[in-house]
Ligand code: F6R
C-alpha cells in the first residue's frame, strides 16, 4: 500500500527520495508527494497519479536541499487527488507529515482540533496528525516531544515521518503496526517503509518495533519508546540484493517473477527436502513439531492468492497426511467467532506478512489458545514476528502486484509440511518416496511449461477482446481455477470467474455462448473423465474451450479449441504446474490490452488496512 521515504544527509535529497518512491511503486498508489526543507521553510509538492507527474512538477523551481520526505498514497480516507496526497501540513506550514496506516479516532480528533481553530485542507485521517503535533509544538518544546505527546492520543496504526521548519536538522519517525526502517549511511540516513528503497544506498539497517520512535539526524539516530525510555538499536545487514528488485531484461516484473519460478520452487525446497532419506526438515517448526503432529485439526487462513494456496493446502494435508483441515478467509475468520483453541493449529499464509486481515485472524486464534504458525515470504514481517513458528517460502522480493512466484512457493511449502506430517504418521515408505521424487522434479517441469510461452501468447492474442472468462477445475485444481480467474481480473480488467467444473451446470452454464472462453484444467488424473464430461457440456453450448492438458492426452484434441500442454505429475502437486499457463495467459492478455501489468489500477501489493 502506501510508501514512505525520507532522507537526511549531505547529498541532494529530492533525487534520493524520488528514486526511493519509485522503488516502492510496486506496492500500489494513486498519488505522490514530497516535502523538502530549505532555509528554514518547508516546500510541499504533490500530485495525483504517478510519480512521473510529481517528478515533472519538481523539475521546475525546486531549491536544492539535503532533507526531504516523500510518500506514495493508496487512498483510504478521501479521493486520490492532490489535496489528499501526503505530505500533510499544520496550519502554519511549519510541520510536514507522511504517514502509512489508519488513524481510527481521527474523526473525534478532527472535531476537537477544528473547534480549537485548526483549518483542515484535506479529507484524510493523516492531516489530523499534523495539526495534533502543531497543538503540542509550543515554545520550548522540541519536535520529538510534540510528536510523542500527539501519538499518545492516537488510536490506530502508523509508520510516519515528521519534519519541522524550526528544526531542519532532524527527521522524527515512529511506528505502530506499519513497518519503518532506518538505513544507516556515511553521514546520511534514509528512512523508509520498505528496505527496497534503502538497499542501493546502504545495507546497514535497523527496524523500529511497534511503539517506538526515533530522532534521525545526518550523523546519528536514537530510538526510544513512546514513554521516552531509550531503546538499544539492533543494526542488521540487508540480505536483499539490488538485482532482485530490478526488472533486468524482462518487460515487466510479473513476467520476470513468472520465469523465476523454477528457481523459487527450488529455493523453497533447498535444505528441506532430503531426497536420499525421503525426509523433510523444517527448522522453523522443530520446536512445535509435536504440537503440529498432535493437532486435532489445522485451520489455514489467508487472503486472495494466499487463500487459494490455503485451499490447495487443504487437499494436500487431508488427502496425503490425513489431517482434518479448514480454510477460512482471514477477513471472515474473526467475525464468525471461530471455535478454535488449544490443540488446534492455525497456519497464516501471507506473501507480504503485513496483511491486516491475516494479522487480525492470527491474533484472534492466539487469544483463543491455538498455536499460530506462519507461511511467509518477507523475512521479519509482522506475520513472521507474531507467529509462534513457521516456514519462510524464500521466493525473494515479489514486486509485481499480481502474486505469482509466491503462490507456487506457498504450495511447495504446504507440500513439504504435508510430507513431514505424513512421514511421522506412518505413510508407507514407498508412497513417501514417490511423493518426494515428484516434488523434487517439479522445478524442471515448470521449466518445460515456461517453454510453451509463445503458444500461450498466441492464445492470448486470440482471446484478448473477450469480456468474460470462465475457469473450471476439479479437486485440487479448483483453487487453481480461482487463481487463474483472479490473475486475469486483476491485470486485464476482464471479468472472470473460477468454478469447480461440475458446479457449472448449477448456474454459470447460463452464461455460456459462442463468446465465452472457458479455461479448463484437465490433467489426466482420477477425475479426468468427469472433467471431460464438463467440457462436453460447455461445447454443447458453443463455449470456446481452452484446455490445460497433459502432453500424452490425445482425446482432448477433439474437444478443445486451444490446448496448452503441461507435464504430468502426482495429482495433488499438479496445481504448482497447472497455474503457470494461467499466469502467462493473464499476463499476455493484459499486455495485449495495454494495461500497466505491474501496477494495475486500485490494487496494492500489501493490504495493511482491514
Ligand atoms: C493477488 C494478490 C492478492 C494477495 C492478498 C494477500 O495477486 O496478490 O490477492 O494475495 O492481498 O496478500 P499477502 O499474501 O501478502 O497476505
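Numbering (the numbering used here), first residue to last: 485 to 1094. C-beta: ideal position from N, C-alpha, C; glycine also. If you're wondering where the values come from, they're calculated on a predicted model, not measured in any experiment.
- The residues 489, 491, 518, 552, 554, in chain order, have a CB closer than 6 Å to that of residue 501 in the same chain once the five nearest residues on each side in sequence are set aside.
- In the same chain as residue 909, and ignoring 5 residues on each side of it, the C-beta atoms closer than 7 Å to its own belong to 805, 806, in chain order.
- Inside the segment 924-953, DSSP marks whole alpha helix (DSSP H) runs of 4 or more residues at positions 937-947, from first to last along the chain.
- Beyond the five residues adjoining it in sequence on each side, residue 1008 comes within less than 6 Å, by CB distance, of 1034, 1037 in the same chain, given in chain order.
- Per the Cβ contact rule, the segment 1059-1076 is not in contact with the segment 536-552 (fewer than 3 Cβ pairs under 8 Å).
- Ranked by Cα distance from residue 849, the first of 1084, 1057, 782, 987 is 782.
- The secondary-structure analysis by DSSP pairs residue 812 across a beta bridge with 785.
- Judged by the Cβ position, residue 848 fails to qualify as a neighbour of ligand 1 at the 7 Å threshold, every heavy atom of the ligand being at least this far.
- Here residue 683 is near residue 726, since their CB atoms are less than 8 Å apart.
- Secondary structure at residue 1034: strand, using DSSP grouped into helix, strand and coil.
- Note on residue 1091: 16 or more other CB atoms within 10 angstroms of its CB, so buried under the neighbour-count rule.
- A distance of 8 Å or more separates the beta carbons of residue 1060 and residue 842.
- Contiguous alpha helix (DSSP H) elements confined to the segment 498-585 occur at 535-543, taking only those with 4 or more residues.
- Non-local beta-carbon contacts of residue 755 in its own chain, meaning distances under 8 Å to residues more than five positions away in sequence, involve 765 in chain order.
- Annotation note: the segment 697-774 contains the following uninterrupted alpha helix (DSSP H) runs of length 4 or greater, listed N- to C-terminal: 737-743, 745-753.
- For residue 660, the uninterrupted beta strand (DSSP E) segment begins and ends at 655-660.
- Per DSSP, the beta bridge partners of residue 691 are 665.
- In this structure residue 675 is buried. Its beta-carbon is surrounded by 16 or more other beta-carbon atoms within 10 angstroms.
- Using a cutoff of 7 Å, the CB of residue 786 counts as near ligand 1, since one of the ligand's heavy atoms is closer than that.
- Beta-bridge annotation (DSSP): residue 1046 is paired with 1030.
- The three-state secondary structure of residue 828, taken from DSSP, is strand.
- Nearest Cα to residue 612 within the set 723, 515, 646, 626: 646.
- When the alpha-carbon of residue 694 is set against those of 894, 659, 893, the nearest one is in 659.
- Listed in chain order, the non-local C-beta contacts of residue 705 below 7 Å within the same chain comprise 666, 673, 698, 699, local neighbours out to five positions each way being set aside.
- Taking the Cβ of residue 974 as the reference point, at least one heavy atom of ligand 1 falls within a distance shorter than 7 Å.
- Short of 8 Å from the beta carbon of residue 743, and not among the five residues preceding or following it, lie these beta carbons of its own chain, in chain order: 734, 934.
- Pairwise C-beta distances place the segment 935-954 in contact with the segment 1051-1070, as three or more of them are shorter than 8 Å.
- Under DSSP, residue 648 takes part in a beta bridge, and its partners are 579.
- Looking at the DSSP output, residue 1001 bridges to 1028.
- Non-local C-beta neighbours of residue 630 in its own chain, meaning closer than 6 Å and more than five positions away in sequence, comprise 617, 620, 621, ordered along the chain.
- The beta carbons of residue 899 and residue 800 sit closer together than 8 Å.
- Nearest to residue 741 by alpha-carbon distance, out of 668, 708, 883, 717, is 883.
- Inside the segment 596-623, DSSP marks no whole beta strand (DSSP E) run of 3 or more residues.
- Around the beta carbon of residue 1026, fewer than 16 other beta carbons sit within 10 angstroms, so the residue counts as exposed.
- The Cβ-Cβ distance between residue 981 and residue 792 does not fall below 8 Å.
- Under a 10 Å Cβ-count criterion, residue 963 is classified as buried, with 16 or more other Cβ atoms of the shown protein chains found around its own Cβ.
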